[in-house]
Every structure is written in C-alpha cells, then in structure tokens.
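Chains as they are written, first to last, in the numbering used here: chain H, 1431 to 1905; chain G, 1431 to 1905.
From the three backbone atoms N, C-alpha and C, an ideal C-beta is built for every residue, glycine too.
All values derive from a computational prediction rather than experimental measurement.
Heads up, the thing below is written out as structure tokens.
Number of protein chains: 2
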Amino acid sequence: MNIMQSITRLSIRLILLFTVIQFLLIPETDAAEQPNFVIIFCDDLGYGDLGAFGHPTIRTPNLDRMAREGQRWTNFYVGASVCTPSRAALLTGRLPIRSGMMSAKRRVLFPDSKGGLPSSEITIAEALKSKGYATAAVGKWHLGHLPQYLPPSHGFDSYWGIPYSNDMDAQKGFPAYRNEAHRNADYSPPIEQYQVPIIHNTQVVEKPANQHTITARYADKAIDFIRSNQKKPFFVYLAHNLPHIPLFAGKEFRGKSARGIYGDVIEEIDAGVGKITTVLKDLNLDKKTLVVFTSDNGPWLPFRTHGGSAGLLREGKGSTFEGGMREPTIFWWPGTVIPKVQMELGATMDLLPTFCSLADVSTPTDRVLDGHDLSPLLLGKTTKGPRNEIFYWRSSELYAIRIGPWKAHFITQGCYGIGPKREVHESPELYHLENDPSEKYNIAENHPDVVASLVKAAEDHRNSIEPVEDQLAKR
Amino acid sequence: MNIMQSITRLSIRLILLFTVIQFLLIPETDAAEQPNFVIIFCDDLGYGDLGAFGHPTIRTPNLDRMAREGQRWTNFYVGASVCTPSRAALLTGRLPIRSGMMSAKRRVLFPDSKGGLPSSEITIAEALKSKGYATAAVGKWHLGHLPQYLPPSHGFDSYWGIPYSNDMDAQKGFPAYRNEAHRNADYSPPIEQYQVPIIHNTQVVEKPANQHTITARYADKAIDFIRSNQKKPFFVYLAHNLPHIPLFAGKEFRGKSARGIYGDVIEEIDAGVGKITTVLKDLNLDKKTLVVFTSDNGPWLPFRTHGGSAGLLREGKGSTFEGGMREPTIFWWPGTVIPKVQMELGATMDLLPTFCSLADVSTPTDRVLDGHDLSPLLLGKTTKGPRNEIFYWRSSELYAIRIGPWKAHFITQGCYGIGPKREVHESPELYHLENDPSEKYNIAENHPDVVASLVKAAEDHRNSIEPVEDQLAKR
C-alpha cells in the first residue's frame, strides 16, 4: 500500500466518520419537525362536565392529568352550536356559513340529506397530506353520508365510524328520547331502536351499530392506526358520537359513575383518552404529538340528567349564549406545550392554521380562513393570542359577536328544545364575559360606544360572507 | 487511676453515649406527632370561583397547586348559609342551632348585638390547647365583639382582625351596596364609609380598618405567628373578611384580574395562600402541617359582578340550595394527605374531630358533636367517608336534609336578597345530587320511599335539638 493509497483510505474513513457524526447531529427524526396530531372530539359535552372544569361527581383523571401537564383553555369556542356546522368549521378552519354547511332550512344533515362538505373545501387532513401525513377519521362524521362526502373523499386514508348522529335512523320516532318517559329513564335503550350503521371507509360493516361497545372501539381504532403509522407523521381525528343521546356505556363503565349513565359515558371516554396517551408514551411519541381535546357544542339540556352541564355558562346546545358554543378544551404535548390555564380566545377553526404552522404547511390563500395560528401561545412564545373576535352564527344569521371581553347579542335563543324562544333585539344586549361569564347582566345602556363598535364589526363581518350553495337544504 | 475508676469512667461515657443515641433515635420532634393546623377561611366565596373548581377568568395558581398536591373536596358543606352560624359550626364541630348561634330573629350578629359564642362551647383552639398548641385567630371573627366573646376568651393566644362583617358600621346606610348605583359600580368605596375596627386581642388598634391592605396583612400576621411558633405545634385560624362586599384589593392586585375587582380580591387571597405554603416549606414545616381552605357560605348574588359564582350549583348565600352551603374545599399536607378528587361528604364541623384525631386529643363527650373524623379519608386509609348526612338549617328551621345522594327540601328560599321567596313544601321536593348537582329535577313523585325515609330522618334529627338561649337575638 503506497502513501497515496493510505491517504485515500484515511480520507474515506474520515468522510465516513464525519458522515456518521453529521447523521448523529441532525434532528432526531423528521417526525420531530413534523409533529403528529390527535384531535379527540366529543359530542354535546358541556363546559362543566370534566373534573378539570369543576364537575363535582364525574371522574376524569386522564383528562385532568392532560390539563395539568398541558394547557387548559377556558375561552375556546366552536363554529356553531350544533353538530354538522361545528364539525365543518373544525375541519376546514372556516365558518360553516362560508362552506354552505350552515343553513336556515335545516340545522344539521339527516339520513335523507343529499348534501355534504363540498370537495372544494380543504380539510386539515388534506392540508397535512402535502407533507406526507398518514390520516385517519374515527367516529362520527356528520358531514355527508353519501360516498362523495365521506372522509376518504376529504383527505383521510381511512375511516371507521357512524355517518351521522347516534339518535338518527330511529325506529320509534325521531328521536325517541323526546318522549318524557324516556327522559326520566336512566337506561340505555335497545340498540335496535337506532338503525345507525358503522361505515368502514365507504362500506357499511355493522347495522345497527353496537353502541354499547362503540366508545371503546373508537379508542382502539385510533390506537391501531397510531401503532401502524408510528414511523411517519400522522393525524387522527377521533370524533366520539357520545355523550350525544341516546347514552350507552361499556360493561366496565356501566353503573360505575356517581353521575349516572351520563357520567359513565364521560368516564369511558376519559379512559380511552388515557389509553391513547399511554400508547403515545409507550411508543415514545408523546414528545412528538399534539393532542387536542374538545367538543362540538354545549350540552343538550332538555334530556335532563341524560344531558350534560355547561357549568357556570348560560344555556346549552343550539344556543348562542356561551353554554352552547364554549367548550372545555385541553392542548397536550409534553415538553412543548407550556402548562398553563390559557384564558386567551381560541376556536376549533384555529386548529387548521395551528397544525399547518407546526407542520410547516402553507395554509390555503385562495379563500377566507377564519382560523388563527395558536402555536405561539401553545409554545409560550407569547401571552397575547391572535384571536380577538368570536362570531356566533345560528342557521343563516349572525346572532352575536364577541370582541375581547365584550359580547353583543343581536338575536337570542335558548338551548335547542328547552330554552327561551327566539328574540330579536332592536338594540343589542351587551355582556362583559370576563366579569360576567354567566351572561347575567346586560349592561348595554352603560356602554353605548362599545355597543356601536360591536354593531359595526358585526356588519363588516356579515358583508364578508359570500353566498354559496346550501348543503343542508338538499334532500 | 485504678481499675474501678476506669470502669466508672467508661460506664459514665457509655451512659452518655447511649443517652445521645437514644436522643437521636426518638421521633424528630413532638411536632411530628402533633401536626400543625392552618385553616384559611373565605367569606362569601362561591363554589365556582377558583380555577381548580372551573372558573374561566379568575387565576388561582396557588390554590390550584394545593388542589393537585392535596385533596379537592367536591361535596364539602358549611353549617349555615350565612356568616355567624357558619363560623360557630366550624369552630365548635356542632350545628349552630345547638349553641344558640342560629336564630329566627336575626341571621347574624350586628354591631348592636349583645350575644356571642357561649363560653361553654369548646372550640378547636381550646381542644388543641390541651396538647400545648399555640393558637392564633387572624381575620374576621363574627362570633361576638364584646370582650368575653372575642378569640382570647375562646382558646386563642392571640387575635388580630375585624370583629364582624366588613360592611357593618356603614356610615351611609346598611350596607351602602344595596343601592343599585353601587351594585353597578366597579370600584372600592372610600374606607371611611365603613367604620369597622381592627381589634388586637381585645383592643381596637385601627378604625376604620384599612381594607385595601387588609388581605395582605392577614396573610402576613398568620406568617409572623407561624415563624414565631415553629418550634411547637400550632393552629392558625385565618378568616379573610373578603370577598364579602364591599370589595378592596391591594395595589399589586387592583385592576389585574380579568374578572374585575372580585377577581382581584380572590387573586390576592390566592397569593397569600402561596406565601403561607412557601413559608411552611422554607421552615420545613410543610410535611407537618395540614392546611385546609374553604369558605363560610356561598356567593352573595344580588351584588352582581361584585358577588361570586356558585358554578353549576343552584342559588347562593342565604339559601339552602347547594349554592348557599357547598364550598370549594382543599386539604393539603404534602406526603400525608393522599392527592385525590374527594367526592365523599364532608363539612366544616368535621374539622374539630379530624384535628383532634390527628393531634391525639379526646373530643368532648358531654355534648352532641355533629362532626366526624375525616382523617382516614385524608390519609387514604379508607375510600368510604364517615359522613352520610347533611342538615340544612336556616334561621331556626330545618329546611332540607341530604342522605347519601338524596336531598329533600321541606322549605326552599333563594339567595339572600335576590332569590325566590320562602316556600313551605307540604310534600318535600326531592333531588338526586350526584346525577343532578344543579337541583333541576324534582323527582319526589318517582321515589316515595326515599322521601319517606328522609322525612323520618329529618324528624329524628329535629328531635335531637335541645332548646338553648338565642345568642343572636340579644341586643
């Protein structure tokens, strides 16, 4: 071996060594730059229904732990006070009035509906697809049950769940629960009363869905997906169909909660949350995964103890009072999301821009987005949030607006099925939500300037809405 | 030195050595067996007013930490829905109807009152005195302002605070806050409007009390006492006179809370709690000290945003609905009290027997005690509490009774000053408090047997009450 050979050999070895060192020095994996996202979304869960949000008899140790280790958001909103439009808002980052998923004709989609989320809308799943995310929807969809509207047509690699609410396809009236005797009964009705199917991708695989085991199965499906996709970045949208009535709980949870069947259901959902966070830890993914827990709208109060509680907030599902649209929300990402009680404004519509920001994906620029990037708040880079306004739409009207602490009601209506009737206010009611979170004291008379500025902001906002095809009216 | 001298010398040395070893082997100090006790008692704080109990805009990081590290009690009651009788219950472990501290004539003691807690009553301070405890009362007393009724006559080594409510001795009517203009105002009135004195032991040392600085001074007085008595076991009863209206906050806190002046006050109380627990840690006393935080009754709702919130509970101060008598309660004793959300029943009247049990003091046997020893629950020796009943007295009548989850209302009345008027129910209303914590659904018709058993238990209880001199009627 001559000297040149030796030098070459040494050079090769050095290059190899530096390559290895360089490899060791680069960020651990791509997944560190492309965090995983898990949304756990409940149905009709009230603001006051978790231990961490003050419920006295429902035990939610796993969610309480997430709240301690992460951010508990106390001013977090949904895009509508009922299922379909609220879900459209979350997945698209846009007010449902912009996508045709909110309507004066019908509040939500029904089994006879012919509409759904238009293919022109860009969902979180589609946005993340551009960076190679594996995506799954598990649970209740309710954005159109015809094949062209199901999750596989909206950026999800897989889907397993029920296509609309768990009280639909009812065999004894719609829903049977409106009957007073049912309201008083503390039992799970025979599942045959609800012929709601389970769909896998686009095929019906079970009918009627066995709702007694469905909550546990949703969590298991989410976990299976996480295990199978642990090597790439992933997004799981886990949308429980409970605690929407009728209520069902698995054997392990049935009759175990002090709060009755409603509490059993929440405690089972909480246990599923615990299983998911444990699996994330076991797979060493907890430091790479943002988990968000919230719900689609407030509690359905007419169903008495089968419905939840909005805590100190006024009214519930279907209302634009706070109880209908403010939800108990937790962001959890150990080591990254700064533990905090977060009082800044946020909304489900912010999830799309926030996830895009964290995954380094561009947000769509060809349309109005109503969401804001919450990541600086989550990461503790700022204490001042990007969102200053909440718009409270109901059917095709803007009922109320919040700017900072102030909320003006132009129209009020109570909880779907029980609350006070629709009332149009010639001069809006004004509440200071930070001082008066229960919306008890209308102080419009004392603050005419604030009222005027909210009226103007509402008018500007209304003018920004372009008419689109009404998807909920199609049948 | 002969051999005997040597042996003697060796013996002496050995005895000395063994004495030292023996000294080193005995428990660290008596204080390890005689834990310290600190009660932090608020005035008119609502069930929903702490972060740990779900308030969206009041920040209570210190109490939230105590709740995480200790036991957060969700079914913890006071002995009455207004100041004087509630305080008598806490300090004596007895329903105030037994001590004459509850009356049909007047709800509480006033500056013209001539009565007070009888000397025949045994307070927590007196019970602990038998084991050499140092005892201090700091803050609002309201169990009689004549010298014979003040804390030094009831087992307290020292006292510093106001003798009755902070809205008494009002110079512009009683209380000035009942005026609607005041209710809407978000300000601290000039302290001269309230000529309430500060008493040190039995002497007036300040008049009017400077209520702007009083909350901070109470915490400091408690801390001074703890520092001075760190070598012996001690008991501090720190009874803040806020957030009872009128509201005042120190400079550091004024205008800082999103919740307005009411939130400022709670955040200042929380900061004081933080200072106290920090001092306990610094003095290495945290592992030897049980700290209990609670309040005397529910929020005073007519004062609008100057009053608190009972969260999801019904009504407030003065009412025997849950909002009047269930309080946000935390037990904290790091390393000893098992961290937990505690849903078993408890009451302020349980503090005397609980402290006695932990301090190895016998409880009085010559009288009826209404308290139970909660220490097995606190220490995690059992999950089943000793208390199965709550009696809701108002003036001189038993308005309601709770047994397990069931509550029967014989008489109802809303919050003092604003709620529904007194109503006697020929047939009692019945609520299931675990399923229906907001007392929305009267289900008496469905459960006649439960109603009958509660009626019987109430009758038995009423018969156990012996007539005594009415202390509140004396003037």
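Asked                                                                                                                               : Found
Contact residues within the stretch 1772–1785 of chain H, judged by C-beta distance below 9 Å to chain G                            : M1773
Residues near P1663(H) by beta carbon distance below 8 Å, same chain, minus five either side                                        : D1460, A1461, Q1464, P1465, N1466, L1558, K1561, G1562, Y1563, A1564 and A1789
Check whether S1549(H) and Q1578(H) have beta carbons under 8 Å apart                                                               : yes
Close beta carbons around S1894(G), own chain, < 8 Å, minus the five adjacent residues each side                                    : V1798
Three-state secondary structure assigned by DSSP to I1488(G)                                                                        : coil
Nearest neighbour of D1780(H), chosen from A1482(H), C1472(H) and A1518(H) [CA to CA]                                               : A1518(H)
Short Cβ contact (8 Å threshold) for L1677(G) with Y1667(G)                                                                         : no
contact_flag[the stretch 1633–1641 of chain G, the stretch 1682–1702 of chain G] where n(CB pairs < 8 Å) is 3 or more               : no
CB contact flag (K1570(H), G1591(H), <8 Å)                                                                                          : yes
N1466(G): first and last residue of the uninterrupted beta strand (DSSP E) it sits in                                               : N1466 to C1472
Collapsed DSSP secondary structure at D1900(G) in the structure displayed                                                           : coil
Cα-Cα separation, I1456(H) to K1661(H)                                                                                              : A caution first: I1456(H) carries a pLDDT of 47, below 50, which makes its placement in the model unreliable, though a value can still be read off. Using only the alpha carbons, I get a separation of about 17 Å.
Cβ-based burial, P1850(G) [other Cβ within 10 Å; buried from 16]                                                                    : exposed
Residues, ordered as in the chain, of the stretch 1498–1524 of chain H that lie near chain G by beta-carbon distance below 8 Å      : R1498, T1504 and N1505
Host beta strand (DSSP E) of S1857(G) (start-end)                                                                                   : E1853 to H1862
Integer Cβ distance of L1804(H) from I1768(H), believed to fall under 8 Å                                                           : That belief does not hold up - the Cβ atoms of L1804(H) and I1768(H) are roughly 12 Å apart, past 8 Å.
Limits of the unbroken beta strand (DSSP E) element including H1630(H)                                                              : I1628 to H1630
Span of the alpha helix (DSSP H) around Y1477(G)                                                                                    : First-last for Y1477(G): undefined, no H or E at that position.
At least 3 beta-carbon pairs within less than 8 Å: the stretch 1823–1834 of chain H vs the stretch 1879–1889 of chain H             : yes
Where the alpha helix (DSSP H) through R1824(G) begins and ends                                                                     : That residue, R1824(G), is in no alpha helix (DSSP H); its beta strand (DSSP E) goes E1819 to R1824.
Pairwise C-alpha distance: T1719(G) and S1588(G)                                                                                    : 19 Å
Residues near S1792(H) by beta carbon distance below 6 Å, same chain, minus five either side                                        : none
Interface residues of the stretch 1723–1757 of chain H facing chain G [CB-CB below 7 Å]                                             : R1734, T1735, S1739, G1741 and L1742
Cβ neighbour criterion (16 or more within 10 Å) applied to Q1901(H)                                                                 : buried
Helix, strand or coil at Q1623(G) according to DSSP, with G and I counted as helix                                                  : helix
R1832(H) (DSSP reduced to helix, strand or coil)                                                                                    : strand
contact_flag[the stretch 1724–1744 of chain G, the stretch 1477–1484 of chain G] where n(CB pairs < 8 Å) is 3 or more               : yes
Per DSSP, cross-strand counterpart(s) of H1839(H)                                                                                   : A1830(H) and E1859(H)
V1864(G) and T1487(H) closer than 8 Å at C-beta                                                                                     : Correcting the residue type first, residue 1864(G) is Glu in the shown sequence and not Val. Yes, these two residues count as a Cβ contact at 8 Å.
Straight-line gap, R1495(G) to T1735(H) (C-alpha atoms, nearest Å)                                                                  : 31 Å
When F1733(G), G1737(G) and G1704(G) are compared against V1721(G), the one with the closest alpha-carbon                           : G1704(G)
Contacts around R1689(H), its chain only, beta-carbon distance under 7 Å, and the 5 residues preceding and following it disregarded : T1487 and I1488
Residues near T1504(G) by beta carbon distance below 6 Å, same chain, minus five either side                                        : M1773
L1493(G) in three-state terms, based on DSSP                                                                                        : helix
Selected residue, minimal CA-CA separation from L1743(H), among T1643(H), G1753(H) and H1891(H)                                     : G1753(H)
Interface partners of D1866(H) on chain G, CB under 7 Å                                                                             : T1735
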